[in-house]
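Enquirer: Residue numbers (the working numbering), protein chains in the order written: chain A, 278 to 821; chain B, 11 to 78. Where is the CB? At the ideal position from N, CA and C, for every residue including glycine. From a predicted model like this one, the values you see are computed outputs, not experimental measurements. First the structure, which I've put down as structure tokens, then a few questions once you've had a look.
Okay, here's the thing in structure tokens:
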């Protein structure tokens, strides 16, 4: 499905990103510029940077793609990822800005002065979370660019990795933030236009849902559709039009439902069913995990004042919510109008196309190659922005926590720190590229679930107690992080190994239901047994 | 209003609504799939309501902080 216009738009996104990075590079004069953008980013820009930092290709293509394949069950995902931001706002944002300096470890060190063991633990957690989050993004980048633009997989991985490494090396978080603002606008506007085009084509949101009630989820319907039916009803992707696609989809749905009247509809749950414990564990992991993601938390250091961190988060919540709301309707609309195409792809074995291409095909259907190109550019922008944020978080933590504080014990000069930070950025980027190349074909999307699980049960739990509980102790902080980390990793390894249960305890889709309480309990019990509650007046200062 | 009372007044009800949706989708699928009007089902209506509820919570929090 090669498109010259899509390729041009992707190249334009890449060139503007590099241009912004070069502009930022000229303004990096100190280590504070590299690690915290000089604490001078206006809140409105940080709102957009946080938006694209959070919205990866999994959000841009995967949310609407998932809904168009599985229906209502997958609406849960955007709601969970959106709701997590309420905790970021109320529990963390401005308080993190009040106490931290460059990394998550700084928050712990502000309360428990010179706690090097906590800094080391926080650095390890940051690197694990960022790496586990980043490698699936790189694999996704390779696969998606192969699908969207016919690029060979290794070329796509190296191109994405090289662009992000250059951006981070040039200006650290400063160049990353400013390029993310541009990337956010591209992906947000692309989704808005596709949403509006669907509203016009269908005749309003109610009409989209009415039609969605007339088709079953393609992921279920594929079992009952024969190759002959695919031949009869599947539209040609090169000449596809909205009217033809809708007519063929509704006709195929009618035939399928007449033979299998008990099939659920796209707006009903049951195609991607989770039981209540799995659903609750996922809900807990996402809502706490979001506030424990280091690549989100460190962005609060880039604004001048704590209230700017709050305003930036509020802006991000409106942007992210709007984006997910558009995506839900785009998902239902695409699942309806592209029903026969998605079922056809599933029956023919083109599962990655069925899951990832509905947004791009929607663009083609509604606005020809131009809108399809914008959708491809949006996906590319989403990949670049999230990989950029993750690379910055890992770079800052290794260069600042490990090198400048633990190895050099705070004696490194600014020039030395800048040099080391750029080397670290190159190494982190090389690891991400290598991971993307070596793990091609592996389904490592589960690593993102692990990243959320670890973030929820190490950083989120420990940060909540650090920022809100007076009796929390230094040993309690170590215990909550270590126990949360171990339990989360243990249950994820069991899941990856195919284990159904650990004794009487079932292994769930997300470890949070066990690891979060374990982390809290460890922190509370150890705090009651020990006495070092950290710097006097810490809580009074941040909540004043 | 201090930070702790803000958290209690806003976060607790929000979490109840949030986990309520998780329970609806996990344990009461038939209820979630019941049509209300046209193509709108109970589960989808709940999901769509989460957007104004979330934005409303955020606006209320911002208002309470601005009064400090």
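Comparing C-alpha positions only, which one of A/399, A/503, A/670 sits nearest to residue 762 of chain A?
Expert: A/399
Enquirer: So the candidates are A/736, A/615, A/316, A/584; which of them puts its Cα closest to the Cα of residue 72 of chain B?
Expert: A/584
Enquirer: Quick check on DSSP: helix, strand or coil for residue 51 of chain B?
Expert: strand
Enquirer: Hey, quick one: how far does the alpha helix (DSSP H) through residue 700 of chain A stretch, first residue to last?
Expert: Counting along the chain, the alpha helix (DSSP H) containing residue 700 of chain A begins and ends at 691-715.
Enquirer: What are the start and end residues of the alpha helix (DSSP H) that includes residue 25 of chain B?
Expert: 13-37
Enquirer: Which residues share a DSSP beta bridge with residue 477 of chain A?
Expert: Answer is none; residue 477 of chain A lacks a bridge partner.
Enquirer: Please check the pair residue 449 of chain A and residue 318 of chain A, which I expect to be a contact at CB under 8 Å, by giving their CB distance rounded to whole angstroms.
Expert: About 12 Å separates the beta carbon of residue 449 of chain A from that of residue 318 of chain A, a gap too long to meet the 8 Å contact definition.
Enquirer: Nearest to residue 798 of chain A by CA position, among A/755, A/776, A/787, is which residue?
Expert: A/755
Enquirer: What three-state label does DSSP hand residue 532 of chain A in the structure shown?
Expert: Helix, per DSSP.
Enquirer: Quick check: what's the CA-CA separation for residue 466 of chain A versus residue 778 of chain A?
Expert: 45 Å
Enquirer: Is the shortest distance between the beta-carbon of residue 55 of chain B and the beta-carbons of chain A less than 8 Å?
Expert: no
Enquirer: Output yes if chain A places a C-beta closer than 8 Å to the C-beta of residue 77 of chain B; else output no.
Expert: no
Enquirer: Answer with yes or no whether the minimum CB distance from residue 26 of chain B to chain A is below 8 Å.
Expert: Between residue 26 of chain B and chain A, the shortest Cβ-Cβ separation is not below 8 Å.
Enquirer: Can you name the residues of chain A whose CB is closer than 9 Å to the CB of residue 43 of chain B?
Expert: In chain order: 349, 541, 542, 544, 545, 546, 547.
Enquirer: State the Cα-Cα distance for the pair residue 699 of chain A and residue 574 of chain A, rounded to the nearest angstrom.
Expert: Taken atom to atom, the span from the alpha-carbon of residue 699 of chain A to that of residue 574 of chain A is near 21 Å.
Enquirer: Rounded to whole angstroms, what's the CA-CA distance from residue 57 of chain B to residue 428 of chain A? Just pull it up for me.
Expert: Rounded to whole angstroms, residue 57 of chain B and residue 428 of chain A show a C-alpha spacing of 37 Å.
Enquirer: Return the residues of the stretch 586-597 of chain A that lie within a Cβ-Cβ distance of less than 9 Å from chain B, sorted by chain order.
Expert: 587, 588, 590, 591, 594, 595
Enquirer: Find the residues of chain B that neighbour residue 490 of chain A, judging by a C-beta separation of less than 9 Å, and give them in chain order.
Expert: Within chain B, 45, 48, 49, 50, 51 have C-beta atoms less than 9 Å from the C-beta of residue 490 of chain A, given in sequence order.
Enquirer: By the criterion of Cβ-Cβ separation under 9 Å, what are the contact partners of residue 820 of chain A in chain B?
Expert: 12, 13, 14
Enquirer: Starting from the N-terminal side, write out each stretch of the alpha helix (DSSP H) that is 4 residues or longer and does not extend beyond the stretch 599-625 of chain A.
Expert: 616-625
Enquirer: Determine, using beta carbons only, whether residue 459 of chain A and residue 614 of chain A come nearer to each other than 8 Å.
Expert: no
Enquirer: For the 8 Å Cβ check, are there 3 or more pairs between the stretch 535-545 of chain A and the stretch 476-493 of chain A?
Expert: yes
Enquirer: Taking the alpha helix (DSSP H) that residue 678 of chain A falls in, what are its first and last residues?
Expert: Taken as a continuous stretch (DSSP letters only), residue 678 of chain A belongs to no alpha helix (DSSP H), as it is neither H nor E.
Enquirer: Should residue 543 of chain A and residue 472 of chain A be called a contact, given that it needs their Cβ atoms to be closer than 8 Å?
Expert: no
Enquirer: Thinking C-beta only, is residue 787 of chain A closer than 8 Å to residue 701 of chain A?
Expert: no
Enquirer: Taking residue 20 of chain B as the query, report the chain A residues whose CB atoms sit under 7 Å from its CB, ordered along the chain.
Expert: 367
Enquirer: Using a Cβ-Cβ distance under 8 Å, would residue 346 of chain A count as near chain B?
Expert: no
Enquirer: Please report whether the beta-carbon of residue 71 of chain B lies at a distance below 8 Å from any beta-carbon of chain A.
Expert: yes
Enquirer: From residue 62 of chain B to residue 751 of chain A, what distance separates their C-alpha atoms?
Expert: 40 Å
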